[in-house]
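To keep things clear, I will list the structure first and then write my remarks on it.
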Amino acid sequence: MAGKFITFEGTDGAGKTTILNMVLEYLKDTMGDQLVTSREPGGNPIAESIREVILDRQNIEMDKRTEALLYAAARRQNIEQTVKPAIAANKLVICDRYLDSSIAYQGGGRQIGEKEIYEMNQFATEGFLPDLTIYFNLPVEEGLKRIAQNRNENDIDRLDVETIDFHNRVYDAYQRLAKQQPERIKSVDATQSIDAVYQNVLEILQPYLEEFKK
Ligand SMILES: Nc1ncnc2c1ncn2[C@@H]1O[C@H](COP(=O)(O)OP(=O)(O)O)[C@@H](O)[C@H]1O
Ligand SMILES: [Mg+2]
């Protein structure tokens, strides 16, 4: 048995964190410490410190390439300190966002270029990719509606105040990634009810979970 690395991807409000928490709740009794969850940017103290810098609304002057490098730095720290050791110990790691997020947000959204972001991240990741990525496919308007409904103004961070064009570019980049890498990236229709999305995600995860049954 070998460890596995699974990532959840998709635009803001698509349901990644909601479903990850449900999956965690469902699996924690049977899998115990065989299941490790993480998030980007963050996942351990150094990467969480970088997260605070990236998401701080005060940092309105942050250059877009600085931002992209900080995401890559946090990613590096998370995979080296947290993800790879867990996989080496035959664990299942599920991470809320990974490299595809940078390609979509910094490459597409901020228009640095998807290829440029992919290449810059090769230094950080040394080609380390997930075994499986679940892509929560939610049209932009739906996602923004959910976010507006579900949080108060004080919670809004720097990324949420972007224009609709930015969100559309992010969405389009995700669509391209899913089309280009169908073997790794499995799409879920995130417009469905939370329960229906959850069931779809469990179906996709099932073959991977089998390997962790004792
Ligand atoms: N399938 C769904 N239908 C309706 N609301 C949802 C659904 N999935 C998530 N939500 C709600 O939308 C908001 C954003 O969900 P969240 O899981 O935080 O998204 P993400 O982590 O992808 O940004 C939350 O308030 C959540 O309860
Ligand atoms: Mg989330």
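Counted from 1, the sequence shown has number 148 at position 148 by the UniProt record's numbering; the numbering is strictly sequential. Every residue gets a Cβ at the ideal spot worked out from N, C-alpha and C, and that includes glycine.
Item                                                                                                                                              : Value
If you reduce the DSSP assignment to three classes, tell me which class Ser102 lands in.                                                          : helix
So Leu55 is in the alpha helix (DSSP H); what residue range does that whole segment cover?                                                        : Pro45 to Leu55
Can you tell me the Cα-Cα spacing of Tyr174 and Arg110, whole angstroms?                                                                          : 14 Å
Using the DSSP secondary-structure output, state which residues sit across from Lys4 in a beta bridge.                                            : Leu92
Suppose you measure from the CA of Phe136 to the CA of Lys91; what does that come to, to the nearest Å?                                           : 24 Å
Gly15: beta carbon under 6 Å from a heavy atom of ligand 1?                                                                                       : yes
Measuring CB atoms only, is the segment 93-109 touching the segment 6-17, in the sense that at least three cross pairs come out at less than 8 Å? : yes
For Asp100, which residues in the same chain have their Cβ closer than 6 Å to its Cβ, ignoring the five residues on either side in sequence?      : Glu9 and Leu177
Quickly, what does DSSP pair Arg39 with across the bridge? List them, please.                                                                     : Asp96
Does any heavy atom of ligand 1 sit closer than 6 Å to the C-beta of Asn150?                                                                      : yes
Check whether the Cβ of Asp189 sits closer than 6 Å to any heavy atom of ligand 1, and report yes or no.                                          : no
With a CB to CB cut of under 8 Å and the five nearest residues on each side skipped, what residues in its chain are close to Arg76?               : Ala124 and Thr125
List the residues that DSSP assigns as beta-bridge partners of Tyr135.                                                                            : Glu9 and Ser187
Under 7 Å, do Leu70 and Ile87 count as touching if we go by C-beta distance?                                                                      : no
In whole angstroms, what separates the C-alpha of Ala196 from that of Tyr26?                                                                      : 15 Å
With C-beta atoms as the reference, is Lys16 less than 7 Å away from Asp131?                                                                      : no
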